[in-house]
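Here you go:
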């Protein structure tokens, strides 16, 4: 034991000598702030041959459909009992957005929501029927559907209950659960208006019913405006077939609109002059206001944003004093394109402008960033606030609740705040008037 | 990304926002990379967009940032075929408020209660009380509940408003349609039209509702004609109005006004608040009592490998725990023969083991076929054997 210690001391001494030899050349200024290094040991990860460097790797014949590194096993969707109707068949598993980079969600991590369980549709028996107020109704097999000329678009899909458990107060100390009811992918399919060219929409047609073939026969009513704008029938997600959780083989995609409207396992589109009243647009997905009225047909997910780094899951406890760190986040709007994001360090009292990063696409996740010189022991209240080219800007919690109250469940897009504690831990908080503000 | 094209802006709409913004607060215009090529318009065919957002017309071969092959939009594809009348009838099963799609049939409250007790009560509770995450189908008198809703809505400290069928739903057609298509949850589309009428009658009864001035009491028999006379107490509780000739105009006008749905719209992004942006009364509100943290799997960002999982000693047991325990464990209260309940299994087995296997494989009442799994017949039977063994 004592032997070992003295040996270690010797190694340390020689290291220190080497270190000084090397750093002497760099001059005194380079030494400031690096004194820690002087006592550091050589990193075994560098000093030794690593096991995978001395061993045959897997043959290419293994994992013909690739899987993530086994070390990434914690990067998964997650679920909680609170978000399940009794069993996990009318439920949601949410996306680990704290672990995601860029604007595309890998297919295996795309959030999964269903009302009667995830259906497994046989593509041989798949049929799509389009009928009602059209001159020529149509039935298509999957192969026929895919013969239509395709378009490819990057869009997020967001469950309008994203953040919906936090109208009264913050509930989840987690980015995954407070904002992970959404994901963003590149979708390929056909515009419905392209198909309608051949079917001849009758002028009385005002509404479209879209219906899934799953156990719950998920249905929703869509106004004709959207059908003739950018509504799509999609069969591919990030270059491959849709995953079963996303409606394999075919789902509806209404860019920017409630995820629930983007009916999965799509089976039937019917056109009519009056709307349907589906369970998911009456009992649920309606937002009750304090004036006693509930907003129905609440289509677009409004402009929104969140800080993704730091997060409660991946805090700043490892940061050194004086380190320059990137504060990163996502912004999105179902009403248009993100035009800018502001960042506050004091919970939304004062803002500075953050920078957008990478591709900025309509109705898609948009990355933003701000470089911050970290001071050890500082306490921050990080709040981001996005705006879009339709002219909307995120409200404060007080502004939003003064109109919507706290019983809406859906479409909460007020600014969100992370408290960074002096230890670098991150807590989900809200800055608001306790008890709420009365109707403005 | 190409730079913003002045001509296409003019073509789009006066409301187009070019996103050369932020000048006010940062003292400089945004760099070029943050300007948008998106040719967005808040009008579509000379009326406001239906959702309050912008629309991206195809201009100069592009929609927003995406190139479009406009030859693909001309039609005349000659794909697919017309469905037969029977095919349309087989799939067109929706029920609309005016009675379109509502079949002939009848059912009594009495029959409804009996069906409810075998096929619904295990999830929706006695008299539709709900619980365990399953929605309630009634909380009592629909008219009284409807009246108290306003109070519940305005007082955020009270328990949430009672949004059940009787007090909240705008249309009864939804109930018939939804039950016939989606319930019982474990075995949907197995009810006859008469059974659905009976269940609807029962649900009207436990919500203490009336039809045409007549109370839906224990003796009530519901028919198609009577169904069409149901008027839901909260029918007018929703906005914007979506029925009638001017429905789409109503919706467009509604979403044109951000005040209707709690949104904030700026004429010019320079107007946005950069200092003193919170109310004086605003405080930092923390998560109370640890909040919700019952996450599966538990939160972790560790990149270390998990320990070796113990090999399951009994595969049938593992399968039981993963797929059946939720309903079959002792005191699960789902109306299933519970594992460990000798008497219940003796009763079940009285019909013969083969019949029990068959019922499990095909499903019966609330028991989903094969318990909702894709196990082979052989593996499923092994799980049943395990359950029987554990109940001796």
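Protein chains in written order, with this note's numbering: chain A, 5 to 444; chain B, 92 to 483.
Glycine included, C-beta positions come from ideal geometry on N, C-alpha and C.
Residues of chain B with CB closer than 7 angstroms to the CB of residue 320(A), please, in chain order. To locate residue 320(A), count along the first chain from 1; it is residue 316. Simply none; closest approach about 13 angstroms.
Check whether the Cβ of residue 318(A) lies closer than 7 angstroms to any heavy atom of the ligand ADP, and answer yes or no. The ligand ADP is not among the ligands present in this structure, which contains no ligands whatsoever.
So with CB distances below 7 angstroms, who are the chain B contacts of residue 202(A)? As a working note, residue 202(A) is residue 198 in the first chain. Going along chain B in sequence order, the residues near residue 202(A) (Cβ under 7 angstroms) are 166, 167, 168.
What residues from chain E crowd round residue 356(B), counting only those whose CB sits closer than 8 angstroms? You won't find chain E in this structure, because its protein chains are A and B.
When Cβ atoms are compared, which residues of the stretch 208-227 of chain B fall closer than 7 angstroms to chain A? Using a CB distance below 7 angstroms, the part of the stretch 208-227 of chain B facing chain A consists of 214, 223, 224, 225, 226, ordered along the chain.
Can you tell which of 129(A), 82(A), 121(A), 391(A) has its C-alpha closest to the C-alpha of residue 362(B)? Locating residue 362(B) in the second chain gives position 271, counting from the first residue. Closest option to residue 362(B), Cα to Cα, is 391(A).
I want to verify the contact list: residues of chain B whose CB lies under 8 angstroms from the CB of residue 135(A), in sequence order. Residue numbering aside, residue 135(A) sits at position 131 when the first chain is read from its first letter. Those are 174, 179, 183, listed as they occur along chain B.
Report the residues of the stretch 350-375 of chain B with a CB closer than 8 angstroms to any CB of chain A, ordered along the chain. For chain A, the residues of the stretch 350-375 of chain B that bring a beta carbon within less than 8 angstroms of one of its beta carbons are 350, 351, 352, 353, 354, 355, 356, 357, 358, 360, 363, 364, 365, 366, 367, 368, 369, 370, 372, 373, 374, 375, in chain order.
Residue 307(B) in three-state terms, based on DSSP: Here residue 307(B) is taken as the residue at index 216 of the second chain, counted from 1. Residue 307(B) falls in the coil class under three-state DSSP.
So, is the C-beta of residue 329(B) closer than 8 angstroms to a C-beta in chain A? If you number the second chain from 1, residue 329(B) lands on position 238. The C-beta of residue 329(B) comes closer than 8 angstroms to at least one C-beta of chain A.
Starting from the C-beta of residue 219(A), find all residues in its chain whose C-beta is less than 7 angstroms away, skip the five residues before and the five after it, and write them out in chain order. Stepping through the first chain from its first residue, residue 219(A) is reached at position 215. Around residue 219(A): 120, 121, 123.
Pick helix, strand or coil for residue 188(B), following the three-state DSSP scheme. The count along the second chain starts at 1 and reaches residue 188(B) at position 97. Note: residue 188(B) maps to coil in three-state DSSP.
Checking 8 angstroms against the spacing of the C-beta atoms, do residue 294(B) and residue 221(B) come in under that value? Residue mapping note: residue 294(B) aligns to position 203 of the second chain, counting from 1. Residue mapping note: residue 221(B) aligns to position 130 of the second chain, counting from 1. No.
Cβ separation of residue 385(B) and residue 304(A), assumed to be a contact under 8 angstroms, to the nearest whole Å: Working through the second chain from its first residue, we reach residue 385(B) at position 294. Working through the first chain from its first residue, we reach residue 304(A) at position 300. Not a contact, Cβ separation roughly 32 angstroms.
Chain-ordered neighbours of residue 417(B) on chain A, where CB pairs are closer than 8 angstroms: Within the second chain, residue 417(B) is the residue found at index 326, counting from 1. By Cβ distance, chain A contributes 91.
Interface partners of residue 275(B) on chain A, CB under 7 angstroms: Start at 1 with the first residue of the second chain, and residue 275(B) comes out as number 184. Chain A residues near residue 275(B): none, gap ~10 angstroms exceeds 7 angstroms.
Using 8 angstroms as the Cβ pair cut-off and three pairs as the minimum, do the stretch 278-289 of chain B and the stretch 185-200 of chain B touch? At 8 angstroms Cβ cutoff, the stretches touch.
Chain B beta carbons: is any one of them nearer than 8 angstroms to that of residue 297(A)? Here residue 297(A) refers to the residue found at position 293 of the first chain. Chain B has a Cβ within less than 8 angstroms of the Cβ of residue 297(A).
Members of the stretch 422-439 of chain A that neighbour chain B once the beta carbon cut-off is set at 8 angstroms: Residues of the stretch 422-439 of chain A with a Cβ closer than 8 angstroms to any Cβ of chain B, in chain order: 423, 431, 432, 433, 434, 435, 436, 437, 438, 439.
If you measure between the beta carbons of residue 313(B) and residue 292(B), is that distance less than 8 angstroms? By 1-based counting over the second chain, the position of residue 313(B) is 222. By 1-based counting over the second chain, the position of residue 292(B) is 201. Their beta carbons are under 8 angstroms apart, which means residue 313(B) touches residue 292(B) by this criterion.
Between the CA atoms of residue 466(B) and residue 126(A) - distance to the nearest angstrom: Numbered from its first residue, the first chain carries residue 126(A) at position 122. Numbered from its first residue, the second chain carries residue 466(B) at position 375. In this structure, the alpha-carbon of residue 126(A) lies about 18 angstroms from that of residue 466(B).
Any C-beta of chain B under 8 angstroms from that of residue 74(A): The residue given as residue 74(A) occupies position 70 in the first chain. Closer than 8 angstroms to the CB of residue 74(A) there is at least one CB belonging to chain B.
Between the Cα of residue 260(A) and those of 269(A), 239(A), 157(A), 354(A), spot the shortest distance and give me the residue it belongs to. In the first chain, residue 260(A) corresponds to position 256, counting from 1. It is 157(A) whose Cα lies nearest to the Cα of residue 260(A).
What does DSSP give as the partner residues of residue 330(A) in its beta bridges? For this step, residue 330(A) is matched to residue 326 along the first chain. Answer is 375(A), bridged to residue 330(A).
is_contact[residue 386(A), chain B] using C-beta, thresh 8 angstroms: Here residue 386(A) corresponds to residue number 382 of the first chain, with the count starting at 1. Residue 386(A) does not count as touching chain B.
Going along chain A, which residues have a C-beta under 9 angstroms from residue 473(B)? For the purposes of this step, residue 473(B) is identified with residue 382 of the second chain, where counting begins at 1. Within chain A, no residue comes near residue 473(B); the closest Cβ sits about 23 angstroms away, beyond 9 angstroms.
Could you confirm whether any beta carbon from chain B is found closer than 8 angstroms to the beta carbon of residue 391(A)? Residue numbering aside, residue 391(A) sits at position 387 when the first chain is read from its first letter. Closer than 8 angstroms: yes.
By the 10 Å Cβ neighbour count, where 16 or more other Cβ atoms means buried, how is residue 122(B) classified, buried or exposed? Counted from its first residue, the second chain places residue 122(B) at position 31. At residue 122(B), the pLDDT of 40 sits below 50, so the modelled position is not reliable; the number obtained from the coordinates is stated separately. Here residue 122(B) is exposed: its Cβ has fewer than 16 other Cβ atoms, across all protein chains shown, within 10 Å.
Suppose the cutoff is 7 angstroms on Cβ atoms and the five residues either side in sequence are ignored; what does the same chain contact list for residue 153(B) look like? Translated into positions along the second chain, residue 153(B) becomes position 62. For residue 153(B), where only same-chain residues beyond five positions count, the Cβ hits under 7 angstroms are 159.
Starting from residue 229(A), trace the alpha helix (DSSP H) both ways and give me its first and last residue. Reading the first chain from its first residue, position 225 is the one you call residue 229(A). Note, residue 229(A): alpha helix (DSSP H), 228-231.
What does residue 203(B) touch in chain A if you count any residue whose Cβ is under 8 angstroms from its own? What you label residue 203(B) is simply residue 112 of the second chain in a count that begins at 1. At a C-beta separation below 8 angstroms, residue 203(B) has no neighbours in chain A, since its nearest C-beta there lies roughly 19 angstroms away.
Please state the DSSP three-state secondary structure of residue 369(A). Working through the first chain from its first residue, we reach residue 369(A) at position 365. Note: residue 369(A) maps to coil in three-state DSSP.
Considering only C-alpha positions, which residue in the set 160(A), 426(A), 337(A), 381(A) is nearest to residue 418(A)? As a first step, residue 418(A) is located in the first chain; it is residue number 414 there, counting from the start. For the set 160(A), 426(A), 337(A), 381(A), the Cα lying nearest the Cα of residue 418(A) is the one of 337(A).
So residue 383(A) and residue 424(A) are in contact, right, with Cβ under 8 angstroms, and what is the actual spacing, rounded? In the first chain, residue 383(A) corresponds to position 379, counting from 1. In the first chain, residue 424(A) corresponds to position 420, counting from 1. Taking C-beta atoms under 8 angstroms as the contact rule, residue 383(A) and residue 424(A) qualify, at a distance of about 7 angstroms.
Within its chain, find whatever has a CB closer than 8 angstroms to the CB of residue 155(A); leave out the 5 residues flanking it on each side and keep chain order. In the first chain, counting from the first residue as 1, residue 155(A) sits at position 151. Within the same chain, 192, 193, 194, 195, 236 come within 8 angstroms of residue 155(A) by CB-CB distance, once the 5 residues on both sides are set aside.
Could you tell me whether the stretch 212-231 of chain A touches the stretch 174-187 of chain A, using the rule of 3 or more Cβ pairs below 8 angstroms? Using a Cβ-Cβ distance cut-off of 8 angstroms, the stretch 212-231 of chain A and the stretch 174-187 of chain A are not in contact, since fewer than three pairs of beta carbons, one from each stretch, lie closer than that value.
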